[in-house]
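Residue numbers (my numbering): 241 to 848.
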């Protein structure tokens, strides 16, 4: 028994070591972010700001950022689960480094830590359908997916990998609920836990609704096909989901905010949806005899369609904007701006398709074959789930790169199975040492071939080297040091700058900003465009006064500022400032040499 346990541990430790070594290698050889004391993006700084504000105020239910959207303040749509994770990671370091630095390092390493946990969870999740060797390969292959690594490398203090981890855990329990060889009790227990982890994922954010829909469809199909006892499985996943959301909503919002309606953050909207699903499946389970017999298939199909229609109608009646999703309250004028953000944009060409989801070249046809191969076996439903998840997230990723995280997870699962089958085929057809190089080449081709081609193609694109650094660097850490000098830090000032800079300025200084790059900050973003992209002096001054603007910060020639002048108006204030032609109510501030190469800073002054 002891030897068996030890043998089981070593492959898992190898997965941990492999994934961790990839991150360490990236940190040592490829990192240009944490090495300079920075984080990956504005979202990372905003997550730290939430924790800092929680420590400053003790307001667990306070979701505000008073210095954002200055002078009115703003709020974020995120929830406390990821905040708690950052706090837990920072606690061991706080006595040595102090709270601020400990929190920074917690944010810097949370992505790799969550990735290692997700890789281990994936080994467990797919063990029943892949077998032990291939399951361990699947965990390791998450480190070969650009879609996963893009959210997991050091410096990403973001909740995306937490979504990945919780989705994998829900997947593992859903797989166990779907396997026909397990008994009814095992089905229901696994379904209960699957629902619970789906609730945790929804707590992190409504992004999990897509995975929730996939899970519900996968668990609902066996009942629709007439398998006995499957209604109870669906009842239990709905129970786990509903109870999980009841608790999560109470922790997140408290009794006073329990009934608040929000579409982009866990709220009563999502609990109502879960309760509706529970009511439907409870009714189905209570009338189980009605769904069998000669016309059972037709009855089940009609019941499913009626249930979907009734739930959709009720939700639409109670919450009219629900069909618009998490972006229901977003000003449509912001959508063109968000399309300029890489993770919100589509996969633009074949090279980037291969880079982000190149593994799909082999994974897509293989998963179709495997689903067909398992059609009459006990693992039919899990493989249909895997196939559906792969194609759904590939479709989403082509249109919106941020979904590449989930696509990468499903690609890793399918490629692991393909590699295992290829290894067995080569072993059966070749003998001796000569099969080793053949195996190595075949496995490398399957795992890295398309992605490597994508990397080469992207690297050869014009401007690839410039995009990696150079003029887009805009050293905001250094600029923040200037803004923290006594002559500027004597009081809180309101700054108009790129929304890309907003969260980092808030993190590094005491000042306020008009805009941060969040969909709830639409008014600030649009007013910033109105000021720097506007040409009518009176309208600009009206916005400047209303926003109590003190400073205007530019990083000319960078992508960060590009949205201010996307209309091409040469009379825009931004263009005038670039040319050194400020209006009388603005005075340019002299900057040190290094900063002067990158930035232009202007102070609003009284007009005589």
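Every residue, glycine too, gets a C-beta built ideally from N, C-alpha and C.
* When the Cβ atoms of the region 469-477 are set against those of the region 280-289, are three or more pairs found closer than 8 Å? -> no
* **Contact belief for residue 259 with residue 355 at Cβ below 8 Å, rounded distance in angstroms** => The sequence position of residue 259 within the chain shown is 19, counting from 1. The sequence position of residue 355 within the chain shown is 115, counting from 1. Rounded, the Cβ-Cβ distance is 6 Å, consistent with contact.
* From which residue to which residue does the beta strand (DSSP E) around residue 734 run? -> For the purposes of this step, residue 734 is taken as residue 494 along the chain shown, with counting starting at 1. Counting along the chain, the beta strand (DSSP E) containing residue 734 begins and ends at 734-736.
* Segments of 3+ residues assigned as beta strand (DSSP E) that fall wholly inside the region 315-395 -> none
* **As assigned by DSSP and simplified to three states, the class of residue 798** => Along the chain shown, one-based indexing puts residue 798 at 558. Three-state DSSP puts residue 798 in coil, outside helix and strand.
* State whether the region 584-598 contacts the region 611-619, with contact taken as three or more CB pairs (one from each stretch) at a distance under 8 Å. => no
* Asked: Can you give the beta carbon distance from residue 813 to residue 774, rounded, assuming they're within the 8 Å contact cut?
  -> For the purposes of this step, residue 813 is taken as the residue at position 573 of the chain shown. For the purposes of this step, residue 774 is taken as the residue at position 534 of the chain shown. Right, their Cβ atoms sit about 6 Å apart.
* By how many angstroms is the C-alpha of residue 570 removed from the C-alpha of residue 623? -> The residue you call residue 623 lines up with position 383 of the chain shown. The residue you call residue 570 lines up with position 330 of the chain shown. When rounded, the distance between both Cα atoms is 37 Å.
* Asked: With burial defined as no fewer than 16 other Cβ atoms inside 10 Å of the residue's Cβ, what is the status of residue 740: buried or exposed?
  -> In the chain shown, counting from the first residue as 1, residue 740 sits at position 500. Buried, since its Cβ has 16 or more Cβ neighbours within 10 Å.
* **Sequence-distant residues of the same chain with beta carbon closer than 8 Å to residue 527, five excluded per side** => Taking the first residue of the chain shown as position 1, residue 527 is located at position 287. If we look at residue 527 and ignore the five residues flanking it on each side, it has no Cβ neighbours.
* Asked: Excluding the five sequence neighbours on either side, which residues of its own chain have a C-beta within less than 8 Å of the C-beta of residue 461, listed in chain order?
  -> The count along the chain shown starts at 1 and reaches residue 461 at position 221. If we look at residue 461 and ignore the five residues flanking it on each side, its Cβ neighbours are 621 and 624.
* To do: Assuming residue 404 and residue 645 form a contact by the criterion Cβ under 8 Å, report the distance between their Cβ atoms to the nearest whole angstrom.
  => Here residue 404 refers to the residue found at position 164 of the chain shown. Here residue 645 refers to the residue found at position 405 of the chain shown. That belief holds up - the Cβ atoms of residue 404 and residue 645 are roughly 6 Å apart, short of 8 Å.
* What residue range is occupied by the uninterrupted beta strand (DSSP E) comprising residue 816? -> Locating residue 816 in the chain shown gives position 576, where the first residue counts as 1. Note, residue 816: premise wrong, no beta strand (DSSP E); alpha helix (DSSP H) at 813-818.
* To do: Determine the closest residue to residue 765 out of 755, 781 and 634, with distance taken between C-alpha atoms.
  => Position 525 of the chain shown, counted from the first residue, corresponds to residue 765. Nearest option by C-alpha distance: 755.
* Asked: Does at least one heavy atom of the ligand MN sit under 7 Å from the Cβ of residue 562?
  -> With respect to the ligand MN, the structure shown offers nothing to examine, as it has no ligands at all.
* Asked: Does residue 671 have its Cβ less than 8 Å from a Cβ in chain D?
  -> No chain D appears in the structure shown, which is made up of a single protein chain.
* **Cβ shell of residue 578 (< 7 Å), same chain only, five flanking positions each side left out** => For the purposes of this step, residue 578 is identified with residue 338 of the chain shown, where counting begins at 1. The answer, listed in chain order, is 584.
* Going by the CB atoms, is the gap between residue 652 and residue 382 shorter than 8 Å? -> The residue labelled residue 382 in the question sits at position 142 within the chain shown. The residue labelled residue 652 in the question sits at position 412 within the chain shown. Their beta carbons are under 8 Å apart, which means residue 382 touches residue 652 by this criterion.
* Go ahead and pull the three-state DSSP assignment for residue 771. => In the chain shown, counting from the first residue as 1, residue 771 sits at position 531. Residue 771 falls in the helix class under three-state DSSP.
* To do: Enumerate in chain order the residues of its own chain whose CB-to-CB distance from residue 375 is below 6 Å, with the five nearest sequence positions on each side excluded.
  => Here residue 375 is taken as the residue at index 135 of the chain shown, counted from 1. Result list for residue 375: 363, 366 and 367, in chain order.
* To do: Give the DSSP-derived three-state secondary structure of residue 565 in the structure shown.
  => As a working note, residue 565 is residue 325 in the chain shown. Helix.
* Inter-residue spacing [alpha-carbon to alpha-carbon] between residue 331 and residue 407 -> On the chain shown, position 91 is the one that residue 331 refers to. On the chain shown, position 167 is the one that residue 407 refers to. Distance between the alpha carbons of residue 331 and residue 407: 26 Å.
* **Among 384, 335, 301 and 348, nearest to residue 648 - alpha-carbon criterion** => Along the chain shown, one-based indexing puts residue 648 at 408. Considering only alpha carbons, the answer is 384.
* Asked: Expressed to the nearest angstrom, what Euclidean distance is found between the alpha-carbon atoms of residue 631 and residue 592?
  -> Indexing the chain shown from 1 puts residue 631 at position 391. Indexing the chain shown from 1 puts residue 592 at position 352. Distance between the alpha carbons of residue 631 and residue 592: 18 Å.
* **Beta-carbon gap between residue 714 and residue 838 smaller than 8 Å** => Stepping through the chain shown from its first residue, residue 714 is reached at position 474. Stepping through the chain shown from its first residue, residue 838 is reached at position 598. Cβ atoms of residue 714 and residue 838: closer than 8 Å.
* On a CA-only basis, which of 471, 665 and 343 is nearest residue 523? Give me that one, please. => One-based indexing of the chain shown puts residue 523 at position 283. Nearest C-alpha to residue 523: 471.
* Asked: Which of the three DSSP states, helix, strand or coil, is assigned to residue 428?
  -> Here the question's residue 428 lines up with position 188 in the chain shown. Helix, per DSSP.
* To do: Consult DSSP for residue 679 and reduce its assignment to one of helix, strand or coil.
  => The residue given as residue 679 occupies position 439 in the chain shown. Helix, per DSSP.
* Asked: Can you tell me where the beta strand (DSSP E) with residue 829 in it begins and where it stops?
  -> By 1-based counting over the chain shown, the position of residue 829 is 589. Here the beta strand (DSSP E) through residue 829 covers 826-829.
* Asked: Going along the chain, which unbroken runs of the beta strand (DSSP E) with 3 or more residues stay wholly within the region 713-751?
  -> 734-736
* To do: Pair every Cβ in the region 408-415 with every Cβ in the region 431-448, then say whether three or more of these pairs are closer than 8 Å.
  => yes
* Could you pull out every residue in the same chain whose Cβ sits closer than 7 Å to the Cβ of residue 750, ignoring the five residues on either side in sequence? => Against the chain shown, residue 750 aligns to sequence position 510. Counting only Cβ-Cβ distances below 7 Å, and skipping sequence neighbours, we find 729 and 732.
* Alpha carbon of residue 640 to alpha carbon of residue 587, nearest angstrom -> Here residue 640 corresponds to residue number 400 of the chain shown, with the count starting at 1. Here residue 587 corresponds to residue number 347 of the chain shown, with the count starting at 1. Whole-angstrom Cα-Cα distance: 7 Å.
* To do: Pull up the DSSP beta-bridge partners for residue 597, would you.
  => Counting from 1 along the chain shown, the entry for residue 597 is found at position 357. For residue 597, which the question treats as bridged, DSSP gives no partner whatsoever.
* Could you give the distance in angstroms between the alpha-carbon of residue 722 and the alpha-carbon of residue 418? -> Counting from 1 along the chain shown, the entry for residue 722 is found at position 482. Counting from 1 along the chain shown, the entry for residue 418 is found at position 178. If you take the alpha carbons of residue 722 and residue 418, they lie about 59 Å apart.
* **Simplified DSSP assignment, three categories, for residue 581** => For the purposes of this step, residue 581 is identified with residue 341 of the chain shown, where counting begins at 1. Residue 581: coil per DSSP, three-state reduction.
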